[in-house]
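Colleague: If you're matching positions, the sequence shown starts at 4 in our numbering and goes up one per residue.
All C-beta atoms, glycine included, are put in the ideal place defined by N, C-alpha and C.
All of these numbers come straight from a predicted model, not from anything done at the bench.
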Amino acid sequence: MAFKKEVLEIIEPRDVFVGNPKAEVTLEEFGEYESEVCAKANEIVKKLLIDYDGKIRFNFRHFPLTKIHQRSLKAGEAAVATAQDGKFWEMHNILFANRRNLGTTSLKLYSKEAGVSNKRFLDDLVNATFGWQVQGDLKEGIDRGVKDVPTFFVNGERVAKNTYEELSKAIEAALKKTKKKAPAKQRA
4 MAFKKEVLEI IEPRDVFVGN PKAEVTLEEF GEYESEVCAK ANEIVKKLLI DYDGKIRFNF
64 RHFPLTKIHQ RSLKAGEAAV ATAQDGKFWE MHNILFANRR NLGTTSLKLY SKEAGVSNKR
124 FLDDLVNATF GWQVQGDLKE GIDRGVKDVP TFFVNGERVA KNTYEELSKA IEAALKKTKK
184 KAPAKQRA
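(1) Mapping DSSP to helix, strand and coil, what is His-65?
(2) Mapping the DSSP letters down to three states, classify Val-28 as helix, strand or coil.
(3) Tell me whether the beta-carbon of Gly-22 lies closer than 8 Å to the beta-carbon of Pro-153.
(4) Expressed to the nearest angstrom, what Euclidean distance is found between the alpha-carbon atoms of Leu-68 and Phe-99?
(5) Check the C-beta distance from Val-157 over to Ile-174 and give it rounded, since I have them as a contact under 8 Å.
(6) State the DSSP-derived secondary structure class of Gly-144, mapped to helix, strand or coil.
(7) Quick check on Glu-160: does DSSP put it in helix, strand or coil?
(8) Within the same chain, show all residues whose beta-carbon is closer than 6 Å to that of Ala-42, passing over the 5 residues directly before and after it, in chain order.
(9) Alpha carbon to alpha carbon, how far is Gly-106 from Arg-74?
(10) Let's see if you can read the secondary structure: which residues bound the alpha helix (DSSP H) around His-95?
(11) For Trp-92, tell me which candidate among His-72, Phe-63, Lys-172 has the shortest Cα-Cα distance.
(12) Measuring only the C-alpha atoms, how far is Leu-128 from Glu-168?
(13) Check this for me: beta carbons of His-72 and Glu-32, under 8 Å apart or not?
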């Protein structure tokens, strides 16, 4: 009896963006879904995406603090699972809105609310199918010096404070750098 080999291409968290996909400025957050501070930061990010529409792109990376937020790892896995169905950002916002209720059954209901059609969602969650992706984000965060959430980077540079003002200042500086790099027009 031969086994059929199925190759699945997994959409990694580092490849999921909102905003202008071709933007030269990337705002990146290491966070998790149970944190009140991350939920507040999510509102700041929404405002930044509006204020810098077309100029930035945003990427959320998972950094579950499981010692204090036991359900943050599964919530991260649920977000990665929904990304496979193209519904990461819908789920991302639903998870923050429901951050006090992130049990497995609730995550399944939230996936339906987000519009996920994957019938294996609950199996994937129970079997930690996407656990490696969340753990990969966690490891990368540690390697980059992340110790707490939320931690933001603009074009790879860490932002000291997680306020709208500081993030906006870092974005403005990055936008100026990209303008300086633009090639000058040549005369004929």
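Modeller: In brief:
(1) Here His-65 sits in strand by DSSP.
(2) Note: Val-28 maps to strand in three-state DSSP.
(3) No, they are not a contact pair.
(4) Cα-Cα distance, rounded: 15 Å.
(5) Correct: roughly 6 Å between the Cβ atoms.
(6) In this structure, Gly-144 counts as helix in the three-state DSSP scheme.
(7) Residue state for Glu-160 is assigned as strand, using DSSP reduced to three classes.
(8) These residues qualify, in order along the chain: Phe-99, Arg-102.
(9) Straight-line Cα distance between these residues: approximately 7 Å.
(10) Unbroken alpha helix (DSSP H) run through His-95: 91 to 100.
(11) Of the listed residues, the one whose Cα sits closest to Trp-92 is Phe-63.
(12) Whole-angstrom Cα-Cα distance: 37 Å.
(13) With contacts defined as CB atoms closer than 8 Å, His-72 and Glu-32 fail to qualify as a contacting pair.
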